[in-house]
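Written below as structure tokens is the structure these notes are about.
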Ligand SMILES: NC(=O)C1=CN([C@@H]2O[C@H](COP(=O)(O)OP(=O)(O)OC[C@H]3O[C@@H](n4cnc5c(N)ncnc54)[C@H](O)[C@@H]3O)[C@@H](O)[C@H]2O)C=CC1
Ligand SMILES: O=C(CO)COP(=O)(O)O
């Protein structure tokens, strides 16, 4: 069985460590906080982030060098904002034979880099193509209860994807592979924006019709941007696309949905983020997507509206009015059209 380091002892890092421990691997769960490492090892709990018993096969470390010494794989699971900082610390310590995986969902504003690109830039011995992505509809709370969950791992290198699949797959955690790293990463990152919107809609008191509309037209925006960047449109119909969109827009576990819900009820963004106490990735990602849409000249009216609510003080109800009164158009000009163009040749 393998030795695996998981970097980031938040809710997702802890849940993924539990999956690896269930698969008999030796897991080193790294946190930058010494007190947290001590507490996890002493109490077998990480209550601030996840309500679960931590199996004995998991040892928490606050020393990064010890955590990654001799491991087969390193899994980055810190918030996107912290990826570069952690990767820079890992760089002098990592052996080039190690498989690098990440399970974070975001895009860096300004540079518009995906997480695999950021890690590839910071780790001198690795190219971005060598980083494996793990993404899909997977709330940590349910994974920790061993409830049926499906994810996709993606790499241009099929051997690395299969190795990652083998590390994680078990009877309650089913892992598929995909070669479309771009589509898998973009789907996971961009759905968080739409989940903020779904939360805002619910917070305003709108019903299921509005949420279904947001999810469907949101998916069209995700696919539009993703394909303009070169992703396979079919990826957005898979687990890290529509699958993750469904779970994040409809689950009370979602931090993005919960943050949106509080915003829709009239709370201020700063107060909402303070109240959450955990990462709400959509807030940063919407900045990146807004910028991306402008650069790529791709229409993303929902993303734009959510950006305006978060950063330009626009009232959510006014954004709804703005979206509902856009010019008349055909529906099937998006994903279906892209699919037709791609597969009718
Ligand atoms: N929670 C979930 O169910 C899922 C989360 N994800 C993704 O996983 C990533 C991490 O999310 P969560 O674990 O939920 O976040 P979280 O908010 O529960 O925990 C984040 C962890 O990262 C640590 N951290 C923050 N800044 C750091 C730094 N500079 N250096 C080292 N550690 C740092 C925090 O101390 C904390 O332990 C996000 O990108 C999220 O979108 C993906 C799938 C499911
Ligand atoms: O990505 C997730 C589930 O697949 C977690 O979403 P939240 O960050 O909104 O909780």
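In UniProt numbering, the protein residues as written are 1 to 345.
In this text, a Cβ means the ideal position worked out from N, Cα and C, and glycines have one as well.
Starting from the C-beta of residue 270, find all residues in its chain whose C-beta is less than 8 Å away, skip the five residues before and the five after it, and write them out in chain order.
As a position in the chain shown, residue 270 is number 270, starting the count at 1. Around residue 270: no qualifying Cβ.
When the Cβ atoms of the stretch 271-289 are set against those of the stretch 297-313, are three or more pairs found closer than 8 Å?
With a cut-off of 8 Å, the stretch 297-313 and the stretch 271-289 count as touching, because enough Cβ pairs lie within range.
Sequence-distant residues of the same chain with beta carbon closer than 7 Å to residue 15, five excluded per side
One-based indexing of the chain shown puts residue 15 at position 15. Taken in chain order, the residues that qualify are 50, 140, 143 and 144.
Can you tell which of 172, 175 and 152 has its C-alpha closest to the C-alpha of residue 181?
Position 181 of the chain shown, counting from 1, holds the residue named residue 181. Ranking the options by Cα distance to residue 181, first place goes to 152.
Heavy atom of ligand 2 less than 7 Å from the Cβ of residue 312, yes or no?
Taking the chain shown and counting its residues from 1, the one referred to as residue 312 is at position 312. Residue 312: no, Cβ never under 7 Å from ligand 2.
Looking only at DSSP bridge pairs, what is residue 151 linked to?
Here residue 151 refers to the residue found at position 151 when the chain shown is read from its first residue. Per DSSP, 175.
Inter-residue Cα distance where the pair is residue 326 and residue 301:
As a first step, residue 326 is located in the chain shown; it is residue number 326 there, counting from the start. As a first step, residue 301 is located in the chain shown; it is residue number 301 there, counting from the start. Cα to Cα, residue 326 sits roughly 9 Å from residue 301.
Exposed or buried, residue 38, counting other C-beta atoms within 10 Å across all chains shown (16 or more means buried)?
Position 38 of the chain shown, counted from the start, is the residue given in the question as residue 38. Here residue 38 is exposed: its Cβ has fewer than 16 other Cβ atoms, across all protein chains shown, within 10 Å.
Going by DSSP, name the residue or residues bridged to residue 134.
Stepping through the chain shown from its first residue, residue 134 is reached at position 134. In the DSSP output, where bridge partners are listed per residue, residue 134 has 153.
Nearest candidate by alpha-carbon position, reference residue 159, set 149, 306, 132 and 221:
Here residue 159 refers to the residue found at position 159 when the chain shown is read from its first residue. Per the Cα distances, 132.
By Cβ distance below 6 Å, which residues in the same chain neighbour residue 172 in space, the five residues on each side in sequence not counted?
For the purposes of this step, residue 172 is identified with residue 172 of the chain shown, where counting begins at 1. Around residue 172, the same chain offers 146 and 148 as residues with beta carbons nearer than 6 Å, after the five sequence neighbours per side are excluded.
Please classify residue 244 as buried or exposed, where buried requires at least 16 neighbouring CB atoms within 10 angstroms.
As a working mapping, residue 244 is identified with position 244 in the chain shown. Residue 244 is buried by the Cβ-count criterion.
For residue 28 and residue 331, what's the separation of their Cα atoms in angstroms?
Working through the chain shown from its first residue, we reach residue 28 at position 28. Working through the chain shown from its first residue, we reach residue 331 at position 331. The alpha-carbon of residue 28 is positioned some 49 Å away from that of residue 331.
How long is the line joining the alpha carbons of residue 212 and residue 260, rounded to whole angstroms?
Here the question's residue 212 lines up with position 212 in the chain shown. Here the question's residue 260 lines up with position 260 in the chain shown. Annotation: residue 212 to residue 260 spans about 16 Å, alpha carbon to alpha carbon.
Bridge partners for residue 74 per DSSP, in chain order?
Working through the chain shown from its first residue, we reach residue 74 at position 74. DSSP lists 5 and 100 as the beta-bridge partner residues of residue 74.
Between the Cα of residue 193 and those of 179, 203 and 219, spot the shortest distance and give me the residue it belongs to.
Counting from one through the chain shown, the residue named residue 193 turns up at place 193. Of the listed residues, the one whose Cα sits closest to residue 193 is 219.
Which term fits residue 85, buried or exposed, when burial requires 16 or more other beta carbons within 10 angstroms of its beta carbon?
Locating residue 85 in the chain shown gives position 85, counting from the first residue. So residue 85 counts as exposed.
Leaving out five residues on either side along the sequence, give the residues of the same chain with a beta carbon under 6 Å from the beta carbon of residue 8.
Along the chain shown, read from residue 1 onward, the residue named residue 8 stands at position 8. So the qualifying residues of the chain are 77 and 78.
Could you please give me the residues that DSSP links to residue 170 through a beta bridge?
Locating residue 170 in the chain shown gives position 170, where the first residue counts as 1. Looking at the DSSP output, residue 170 bridges to 173.
May I ask you to check if the CB of residue 211 is nearer than 7 Å to at least one heavy atom of ligand 2?
The sequence position of residue 211 within the chain shown is 211, counting from 1. At a threshold of 7 Å, residue 211 does not count as near ligand 2, since its beta carbon sits no closer than that to any of the ligand's heavy atoms.
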